[in-house]
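Following the UniProt record's numbering, the numbering of the sequence shown begins with 1 at its first residue and continues without gaps.
Written out below as structure tokens is the structure these notes cover.
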Amino acid sequence: MAQIELGNRSVDILELQKLSLVLKFSLDDFMSEDFSTSQDIENKEERKAKKVEERISEPMLQVNKFKNVLLYILERCAGKPNVGETVLYKLLYFSDFNYYELYEEHLTGAEYRKLPYGPVPQKLDIIIAQMIEKGQLQRVKTEYHGYPQTRYLPLEKADLTELRASEKDVIDRVIDQMSEWSAVAISNYSHKDMPWLASKDGEEINYELAFYRDAPFSVRNYGDEIEVQ
1 MAQIELGNRS
11 VDILELQKLS
21 LVLKFSLDDF
31 MSEDFSTSQD
41 IENKEERKAK
51 KVEERISEPM
61 LQVNKFKNVL
71 LYILERCAGK
81 PNVGETVLYK
91 LLYFSDFNYY
101 ELYEEHLTGA
111 EYRKLPYGPV
121 PQKLDIIIAQ
131 MIEKGQLQRV
141 KTEYHGYPQT
151 RYLPLEKADL
161 TELRASEKDV
171 IDRVIDQMSE
181 WSAVAISNYS
191 HKDMPWLASK
201 DGEEINYELA
211 FYRDAPFSVR
221 NYGDEIEVQ
């Protein structure tokens, strides 16, 4: 048996019959050319599907978490003259998608759509209107380099107890990298990110596309990971 397992000798038909009785499998099925390959493929597909199923979860907006992420970004960036709506939207997008790529969990659960100027979070207008009404935010209409700009000023501090250390770290990295960029620069950058590229105009951007990123967009070191078979 050991030599068979090592591939040093083949199995004759009599041995196969004995094995089929002991292991309780159909010899006819086993002799079929499709048996071993189809079983192997099915098992691999089942394992793959199970792994993806464990990771995939439909994004569900956590409104309170989203508000605190928004307030935290504005606390750090509202004083920067370049941070209007366009830059703010992209900082939110990269925070959400970078976190999902790293931890396979949603940060805010916000949905983003592919629009001409890059990814835009859905339901943001409703949330901002609520926050303005509650005195948490102030909307300011101004100009920047001769173009109209909408800015938001935080009127209260973010509740950092709502954010894990890992969540705050991802947001901080996004802010450190991109918060000085112009609206044009950050929009152009987002247009080269795989989740945006692989989505259709006007449609929701699937978070799973974050796992198909290349440098410089990918924030996860896949080389250090060992695939679980």
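C-beta atoms are modelled at their ideal positions from N, C-alpha and C, and glycine is treated no differently.
The structure displayed is predicted, hence computed values, not measured ones.
Item: Pairwise C-alpha distance: PRO81 and TYR207; Value: 30 Å
Item: Strand pairing of LYS114, partner residues [DSSP]; Value: PRO119
Item: Neighbour-count burial assignment, GLU156, 16 or more Cβ in a 10 Å radius; Value: exposed
Item: Same chain, Cβ closer than 7 Å to ILE41, five either side skipped, listed in chain order; Value: Unreliable positioning characterises ILE41 in this predicted model, as indicated by a pLDDT of 42, which lies under 50. A coordinate reading is not provided.
Item: Neighbourhood of THR142 by C-beta, 7 Å cutoff - its chain only, sequence neighbours within 5 removed; Value: GLN149, ARG151
Item: GLY223 to GLN136 span [Cα, whole Å]; Value: 43 Å
Item: Rounded separation between ALA65 and HIS145 - CA only; Value: One detail in the question is off: residue 65 reads as Lys in this sequence, not Ala. Their Cα atoms are separated by approximately 33 Å.
Item: Contact check, VAL170 vs TYR99, beta carbons under 8 Å; Value: yes
Item: CB contact flag (PRO111, PRO59, <8 Å); Value: One detail in the question is off: residue 111 reads as Glu in this sequence, not Pro. In this structure, PRO59 lies closer than 8 Å to GLU111 by Cβ.
Item: Alpha carbon of THR161 to alpha carbon of LYS168, nearest angstrom; Value: 10 Å
Item: CB contact flag (GLU101, SER190, <8 Å); Value: no
Item: Own chain partners of ALA78 with C-beta closer than 8 Å, once the 5 adjacent residues on each side are dropped; Value: ARG151, TYR152, LEU153, PRO154
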